[in-house]
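As given, the protein sequences belong to chains A and B, one line each in that order. Residue 24 is where the first sequence starts when you use our numbering, and the numbers rise one by one after that. Residue 220 is where the second sequence starts when you use our numbering, and the numbers rise one by one after that. Backbone N, C-alpha and C fix where the C-beta goes; we use that ideal spot for every residue, glycine too. In this text, all values refer to a predicted model and were calculated from it rather than measured experimentally.
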Amino acid sequence: MTVLREIDYGTPAPKRARGDVSLTIDGRPVTAPAGASIMHAAMLAGIEVPKLCATDRLDAYGSCRLCLVQIDGRKGTPSSCTTPVEAGMTVLTDTEKLRRMRRGVMELYISDHPLDCLTCSANGDCELQDMAAVTGLRDVRYGYAGKNHLTAAKDSSNPYFSFDPSKCIVCNRCVRACAEVQGTFALTNLGRGFDSIVSAGGADADFLTSECVSCGACVDACPTATLMEKPVEAHGLPDRSVDTTCAYCGVGCSFRAELKGDQVLRMTPLKSGGANAGHSCVKGRFAWGYANHPDRIVKPMIRDAIVEPWREVSWEEAFQFTADKIRAIQAEHGRDAVGAVTSSRCTNEETYLVQKLVRAVFGTNNVDTCARVCHAPTGYGLKTAFGTSAGTQDFKSVEQADVILVIGANPTDAHPVFASRMKRRLRQGAGLIVVDPRRTDLARSAHVQANHHLALRPGANVALINAFAHVIVTEGLVDEAFVAERCEPASFQAWRDFVAAPENSPEAMAEHTGVPADDLRAAARLYGKAGNGAIYYGLGVTEHSQGSTMVMGMANLAMATGNLGRPGVGVNPLRGQNNVQGACDMGSFPHEFPGYRHVSDASVRELFEAAWGVALDAEPGLRIPNMLDAAAAGSFKAIYIQGEDIAQSDPNTKHVLDGLRAMDCVIVQDLFLNETAHFAHVFLPGSTFLEKDGTFTNAERRINRVRKAVEPPGGLADWEITQRLAQALGYPMAYGHPEAIMAEIAATTPTFAGVTYPKLDRDGSVQWPCTAAAPFGTPIMHESGFTRGRGMFMITEFFPTSERSGPRYPLLLTTGRILSQYNVGAQTARTGNIVWHDEDVLEIHPHDAEQRGLGDGDLVSLKSRAGETTLTARISERMQPGVVYTTFHHAAGQANVVTTDNSDWATNCPEYKVTAVEVRAANGPSEWQTQYRELAAATSRRATPGAAAE
Amino acid sequence: MSRVFVPKDSGARSVGADAVAAAFAALGAEVVRTGSRGLYWLEPMAEVETAAGRIAYGPMAPGDAAAALADRSDKRIGLLAAFPPFARQTRMLFARVGLIDPLDYRAYQAAGGGVGLAAARAMTPDAVIAAIKASGLRGRGGAGFPTGIKWQTVSQAEGARKYVVCNADEGDSGTFADRMLMEGDPFLLLEGMAIAGHAVGADKGYIYLRSEYPDAEATLEAAIAAAPFLDAAFSVELRVGAGAYICGEETALLESLEGKRGMSRAKPPLPAISGFMAAPTVVNNVLTLAAAPAILAAGAAAHAALGSGRSLGTMPFQLSGNVRYPGLYEAPFGLSLRTLVEDWGGGTASGRPLRAVQVGGPLGAYFPAALLDTPLDYEAFAAAGGMLGHGGVVVFDDTVDLARQARFALAFCAHESCGKCTPCRIGAQRGVEVVDKIIAGEDRPRQRAVLDDLLEVMRDGSLCALGGLTPVPVQSALDWFPEDFEREAGS
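This is how it looks when you write it as structure tokens:
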């Protein structure tokens, strides 16, 4: 083995703790948990029973018959993976009889296996090879002339891995992983007896056209080279590895980056990963190739005006140029004419540095983050109700949920690894309620069906949650004891009276929600009567004009039903980006220092003034939309944007571009010349997560380590760039390593007080609050009381959005994500994932399509009062009549030219999820798309690439 | 006009019973279609009701009907009660089969049906289980596990819901008792399932029927609809398999019943603890469940009084192959194989010397004539290296080549294996190839050594009984008929 593998106990640890039993294995006394397999118990004692079909990520299967043992007093040779330990058992794992049997089994395996070990991609990393060695197989007496599968054709259709059935031993680890771990059931067996084969769904099916979602669980599970990553096939086995954290969604999966020299060959999910427990999705597992994409910019570039071509310059020149610009702007327009946007994709340490740069060096509070456009209402709403701006549970909690309420989230696409965990619980029988205008895969697909799919009209969330609460309150489903003990009594009484009013009944609200009252009542009863009811939600909750209200509405519901403060319950945001939680924690908001402490709080200011050695502003700064407004108005002149593409991701693109174009100095720090860079004057080449150290904080408040696997091609990690910029601006900033930044975070931020790199290295991860009182972190929040003391019920009156369908714009557009792509596609669109989704399409109900004479695949114009773009139509019964849907993964789609600047009343989070639109047939790109392409072409020129290099 | 009873049993139909029935009807007779009496060499049989009782005729052709009605037919058998091949049997399970219209519930009741269930429902579940235990009833599917203990395990297992599953995937070559019973007396099976449901606390039963039995399917569907004792408290659903022998193995059956590919599960857990949908589940063969009503109706002692040793009650033996009088013979355990084959079966049909008898389906041992005195009970058969299985007895004369039969056993396994465990999936195929080499005379000592090792791996290493028992016929062929493996190649 060239790469260290995690220990494999062969079978999972028992699900329920039932004490320990003592037995004897090979003469050694062994203590193992009751319910564990003999194989597992033996491994605990360091006795490795030969195995091929067993792995501790999957339930015992008992097919390979290598792990046979002998047990005193029992007949035969049972398989140790399927036989549970019993007190007093005496087991032998290595007798002459067993050796003979195992050799016989291996002889059978090898009689139908190519003898090409030396040229096989798994040579040195193959369990079949290991077992042939362990069993001492020397001769295959059957010969090789018998019936075999050696000519079976290889399937290379998947962009990331190949399937070579000639090497398959039909252990079904792949089939089982697809079912048990991923829950997709794409793989199966065909044929029987000797003709049994693994198949992606049928005689003619290949992986690409099958239901396979490319999560990689099968590849991970395969003990041979049958399922193999293509880079390993091409380059050989990795020779070193670095454990790190995925930089895609808010699940925060732990991975082992396996490399050969400086080349990453594969990313394998870690069983020890607190968030993912060994699972992965197509993005984290495979879509990391963007790091080496030719589009990658690795030299700093500057220009005086956006119509000029970019000039490559040295780092020194770039920093000096930038510092001079910022100081000149501040001298002319005032301190507050500059600001910054932190990145939810960068590390905590990097985000901390950017807000420090803004507050301590720029001398303003004009810092904001992309959470503004996603989960700002979560922070506000949950802080109001509970006192903490974060989800209440760890992911593992879902394993104890009895009824799961998913609102405005599509986890099988956007948070696939968590979705797999949730689906596993659903297969065990948990109830499911899906609240979504669209029929997501969780609502109904081949292997999942929600008990209730409440397909509400976009924009009616608060109406729905009030009606839900109405049922709870009027049908005696309130957990009175919990409320009395844990919540503010006056606020509860006021809320109870409010939701009990007839105007909040399901019948009354049906007019707004479009959900039949009976369905809603049945769903509310299911949740209200659940032992453990758990709410999971996404941007379908927050990205509304009443986003914050809805968050508080869910908090009210959970408190009223006593569904907080223990495993299996809670209110859980599914965060979009890898470090959006961390970016919020790290003081990215214009009104808050790290740890959500208001800038007007003198004691907090004093703390940071002492740490940073400068005086700090007590006035909150500008939010992103305000910065853009101020820029258009001429008072805001420079912005430093780290790892964020607001020109594509933020709503009402025209408004965003007007703001950017009005500025004198736009500094973009990114991997690629993104859409925002078309309007920039300084481009600072950023680093990927593989190229730096730091931490990410996921949606369950888990702080995971990011570890450098390779050097940044531009020479500097993102934190170093910010630091060098601060130095150029004359501020002494000299961290030697991100660890020193974390030390400062811990020293200044109470919820991070106990976080250190050595602790993270030792424990793998820790969930904040991590304090002296909770040195190992806090998986479940509010266990003995709410952070704010008593839980606060808020009145959540429903106000319909001003964005309504009407004669000119009769349809409602809602936006979302797809599995294979991520956010603005900067990363995923530069990977093999493009084979699954190479353009954003408009999903439209057959009825709406027919009325407009549209066919599947037609070009259609999507027009709102904000703008117009052309997309390809996909006719889909996922949609309800009157609602259309698209994604914003590709710049060409320009989906956000259509969305408006309506926003959440409390946090300015944009109302992406509701835009009144009309759809009609189109001949080609909209006028806007054509103009934009011309503009982008004119502003992204580079002066003779390479010539300016030093 | 007189009433005539003509079997609707698919075995009888396959030799023309429908035409015979039509002929009687055309002559104005009232034709009642029944199950078969099991005397297959006399099918199509017809019984004409007379004042003296039912007079049997067979094997009938349509043209024989008029003569039978006039009682001047040379096909006359007479009263079956006086016809030794039938009269010497002990008909318990098959008491009503051939006697009544299988779907006439009133006739069923008139012939004693329903009494067992009524008795059971008047008893506590524990008392029912106690009666089954006292009766000594053992599973008729082949393994012979004590039924009462299985029911007790299910009864005592924790589970919000429990199930009764009837294994009607009768796939063993040379067996047809389940089919005959389901076609001939379906209410008896349903009554037995209802008793089991009451005993273990199940409200739902499933019958898993092999797809090759379309007549049984139709009869059972009709019986389920007509059975007055099936209701919300205990309902039965019929599920039809898809042609896989392995689905007669109880764990593969459960997988298939759950809608999955039929593949064996590892045990433990036993289905009694974690069976259908992970709930405690009774999985019993048709004949086992069908035995319960009589035990409850007549008392455990009456059942225990029959049989020998620890094999109590009766067993419907199914005699086929190269035998003069093939058919179903129900008798108490303990009858000798010789009596069944030579006396009752009349020896080989070809008249040539008997060379081998395979008992217990395709995975049963081939017994030589020297073992014919083995009593037909579980323990005696096991002691002789065989198994009673589901009671199928297949006779071969001296033209049989046991090397080819051994190859057939392995080929059968290679074809029918679920493909899960290595010894069965690959081993059976390699076994075929090795036996082929032996037959072809290639390096016989070495191939024999390979075969011996393979049989050990299959026998002791397989996941379920299919792979585990495939060596039995092969080993018996090697042990008792070694000369067939030593013949000159090509002879």
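#### Entry: Bounding residues of the alpha helix (DSSP H) (the contiguous stretch that carries MET575(A))
In the first sequence, residue 575(A) corresponds to position 552, counting from 1. Unbroken alpha helix (DSSP H) run through MET575(A): 570-583.
### Message
Whether or not the region 475-489 of chain B and the region 439-447 of chain B are in contact is what I'm after, with contact meaning three or more pairs of Cβ atoms, one per stretch, closer than 8 angstroms; do they touch?
### Response
no
### Cross-chain neighbours of CYS87(A) in chain B, by beta carbon under 7 angstroms
Here the question's residue 87(A) lines up with position 64 in the first sequence. Those within 7 angstroms of CYS87(A) in chain B are THR641.
### Message
Taking its Cβ as the centre, do 16 or more other Cβ atoms sit within 10 Å of SER807(A), making it buried, or is it exposed?
### Response
Along the first sequence, one-based indexing puts residue 807(A) at 784. Exposed, because fewer than 16 other Cβ atoms sit within 10 Å of the Cβ of SER807(A).
### Residues bridged to VAL594(A) [DSSP beta-bridge criterion]
Within the first sequence, residue 594(A) is the residue found at index 571, counting from 1. DSSP, once it has assigned bridges, lists ILE558(A) as partnering VAL594(A).
### Query
Using a C-beta cutoff of 7 angstroms, does SER219(A) count as contacting chain B?
Taking the first sequence and counting its residues from 1, the one referred to as residue 219(A) is at position 196. Answer yes: the Cβ-Cβ gap between SER219(A) and chain B drops below 7 angstroms somewhere.
### Task
Could you give the DSSP three-state label for PHE700(B): helix, strand or coil?
The residue you call residue 700(B) lines up with position 481 of the second sequence. Here PHE700(B) sits in coil by DSSP.
### Query
Just to confirm, are VAL883(A) and ALA797(A) a CB contact at a threshold of 7 angstroms?
As a working note, residue 883(A) is residue 860 in the first sequence. As a working note, residue 797(A) is residue 774 in the first sequence. For VAL883(A) and ALA797(A), no; Cβs fall outside 7 angstroms.
### Task
Assign VAL907(A) to one of three DSSP states: helix, strand, or coil.
Taking the first residue of the first sequence as 1, we reach residue 907(A) at position 884. DSSP places VAL907(A) in strand when its eight states are reduced to three.
### Query
From LYS203(B) to PRO344(B), what does the alpha carbon distance come to, in whole angstroms?
Since the first and last residues shown for chain B are 220 and 710, residue 203(B) lies out of range.
### Query
Do you know whose CA, among VAL239(B), ARG222(B), LEU506(B), GLU389(B), lies nearest GLY460(B)'s CA?
Taking the first residue of the second sequence as position 1, residue 460(B) is located at position 241. Of the listed residues, the one whose Cα sits closest to GLY460(B) is GLU389(B).
### Message
What does the alpha-carbon distance come out to for the pair GLU702(B) and HIS470(A)?
### Response
Residue mapping note: residue 702(B) aligns to position 483 of the second sequence, counting from 1. Residue mapping note: residue 470(A) aligns to position 447 of the first sequence, counting from 1. Distance between the alpha carbons of GLU702(B) and HIS470(A): 56 angstroms.
### Query
Are there three or more Cβ pairs, one per stretch, closer than 8 angstroms when the region 134-144 of chain A is compared with the region 67-77 of chain A?
no
### Local Cβ density within 10 Å of LEU38(A), reported as buried at 16 or more and exposed below that
Position 15 of the first sequence, counted from the start, is the residue given in the question as residue 38(A). Looking at the sequence itself, residue 38(A) is Lys, so the reference to Leu does not match. Classification of LYS38(A): exposed, given that the 10 Å Cβ count is below 16.
### Task
Compare the beta carbon distance of VAL426(A) and LEU477(A) with 7 angstroms and say whether it is the shorter of the two.
Along the first sequence, read from residue 1 onward, the residue named residue 426(A) stands at position 403. Along the first sequence, read from residue 1 onward, the residue named residue 477(A) stands at position 454. Result no, Cβ atoms of VAL426(A) and LEU477(A) do not sit closer than 7 angstroms.
### Query
Starting from GLN604(A) and walking both ways along the beta strand (DSSP E), at which residues does that stretch end?
Position 581 of the first sequence holds residue 604(A). GLN604(A) -> not in any beta strand (DSSP E); alpha helix (DSSP H) instead, spanning 603-608.
### Query
By a C-beta neighbour count over all protein chains shown, 10 Å radius and 16 as the cutoff for buried, is ARG480(A) buried or exposed?
Indexing the first sequence from 1 puts residue 480(A) at position 457. By the neighbour-count rule (16 or more Cβ atoms within 10 Å), ARG480(A) is buried.
### Query
How do the region 909-926 of chain A and the region 868-878 of chain A stand: do at least 3 beta-carbon pairs fall below 8 angstroms, yes or no?
no
### Task
Can you have a look at LYS936(A) and say buried or exposed, based on whether 16 or more other CB atoms are within 10 angstroms of its CB?
Looking up residue 936(A) in the first sequence gives position 913. It is buried - the Cβ of LYS936(A) has at least 16 other Cβ atoms within 10 Å.
### Query
Cβ atoms of VAL242(A) and LEU250(A): under 7 angstroms apart, would you say?
Here residue 250(A) corresponds to residue number 227 of the first sequence, with the count starting at 1. Here residue 242(A) corresponds to residue number 219 of the first sequence, with the count starting at 1. Cβ distance < 7 angstroms, so LEU250(A) and VAL242(A) count as in contact.
### Query
At a Cβ threshold of 7 angstroms, is VAL440(A) touching chain B?
Here residue 440(A) is taken as the residue at index 417 of the first sequence, counted from 1. VAL440(A) does not count as touching chain B.
### Query
So, is PHE822(A) buried or exposed, given that buried needs 16 or more other C-beta atoms within 10 angstroms?
By one-based count along the first sequence, residue 822(A) stands at place 799. The residue in question, PHE822(A), is exposed, as its Cβ has fewer than 16 Cβ neighbours within 10 Å.
### Query
Which residues in the same chain have their Cβ closer than 6 angstroms to the Cβ of ALA583(A), if we skip the five residues on either side of it in sequence?
Residue mapping note: residue 583(A) aligns to position 560 of the first sequence, counting from 1. So the qualifying residues of the chain are ILE495, VAL501.
### Message
Just to check my reading of the structure: ILE426(B) and VAL455(B) have Cβ atoms closer than 8 angstroms, yes? What is that Cβ distance to the nearest angstrom?
### Response
Position 207 of the second sequence holds residue 426(B). Position 236 of the second sequence holds residue 455(B). Their Cβ separation, rounded to whole angstroms, is 6 angstroms, which keeps ILE426(B) and VAL455(B) in contact under 8 angstroms.
### For LEU231(A), the first and last residue of its enclosing beta strand (DSSP E)
Within the first sequence, residue 231(A) is the residue found at index 208, counting from 1. Counting along the chain, LEU231(A) falls outside any beta strand (DSSP E), and DSSP gives it neither H nor E.
### Classification of ALA708(B) by the beta-carbon crowding that lies within 10 angstroms, buried from 16 upward
In the second sequence, the residue the question calls residue 708(B) occupies position 489. Classification of ALA708(B): exposed, given that the 10 Å Cβ count is below 16.
### Message
Taking 8 angstroms as the limit between beta carbons, can you name the residues of its chain near LEU525(B), skipping five residues before and five after?
### Response
Position 306 of the second sequence, counted from the first residue, corresponds to residue 525(B). So the qualifying residues of the chain are THR309, MET311, LEU531, GLY532, THR533, PRO551, PHE552.
### Query
Nearest chain B C-beta to ALA972(A) closer than 7 angstroms, yes or no?
Here residue 972(A) is taken as the residue at index 949 of the first sequence, counted from 1. Unreliable placement is indicated for ALA972(A), whose pLDDT of 39 sits below 50; the coordinate value is still reported in the next sentence. By this cut-off, ALA972(A) is not an interface position.
### Message
Can you check which of these residues, ILE669(A), VAL603(A), VAL92(A), GLY576(A), is closest to ASN371(A) by C-alpha distance?
### Response
Walking along the first sequence from the start, residue 371(A) turns up at place 348. Of the listed residues, the one whose Cα sits closest to ASN371(A) is VAL603(A).
### Positions along the region 619-646 of chain B whose CB lies within less than 9 angstroms of some CB in chain A
CYS632, ALA633, HIS634, GLU635, SER636, CYS637, GLY638, LYS639, CYS640, THR641, PRO642, CYS643, ARG644, ILE645, GLY646
### ALA473(A) (DSSP reduced to helix, strand or coil)
Along the first sequence, read from residue 1 onward, the residue named residue 473(A) stands at position 450. In this structure, ALA473(A) counts as coil in the three-state DSSP scheme.
### Pairwise C-alpha distance: ALA59(A) and GLN665(A)
On the first sequence, residue 665(A) is found 642 positions in, with the first residue counted as 1. On the first sequence, residue 59(A) is found 36 positions in, with the first residue counted as 1. About 49 angstroms.
### Query
If we ignore side chains and look at the alpha-carbon of each, how far apart do LEU894(A) and ARG840(A) end up?
The sequence position of residue 894(A) within the first sequence is 871, counting from 1. The sequence position of residue 840(A) within the first sequence is 817, counting from 1. Cα to Cα, LEU894(A) sits roughly 15 angstroms from ARG840(A).
### Message
Between LEU688(B) and chain A, is the shortest Cβ-Cβ distance under 7 angstroms, so that the two count as touching?
### Response
The residue labelled residue 688(B) in the question sits at position 469 within the second sequence. Not closer than 7 angstroms to any Cβ of chain A, the Cβ of LEU688(B) fails to qualify, so no.
### Query
If you draw a straight line from the alpha carbon of ALA231(B) to that of GLY333(B), how long is it in whole angstroms?
For the purposes of this step, residue 231(B) is taken as residue 12 along the second sequence, with counting starting at 1. For the purposes of this step, residue 333(B) is taken as residue 114 along the second sequence, with counting starting at 1. If I take the Cα positions, the gap works out to 27 angstroms.
### Query
So does the region 738-749 of chain A actually touch the region 702-710 of chain A, counting three or more Cβ pairs closer than 8 angstroms?
yes
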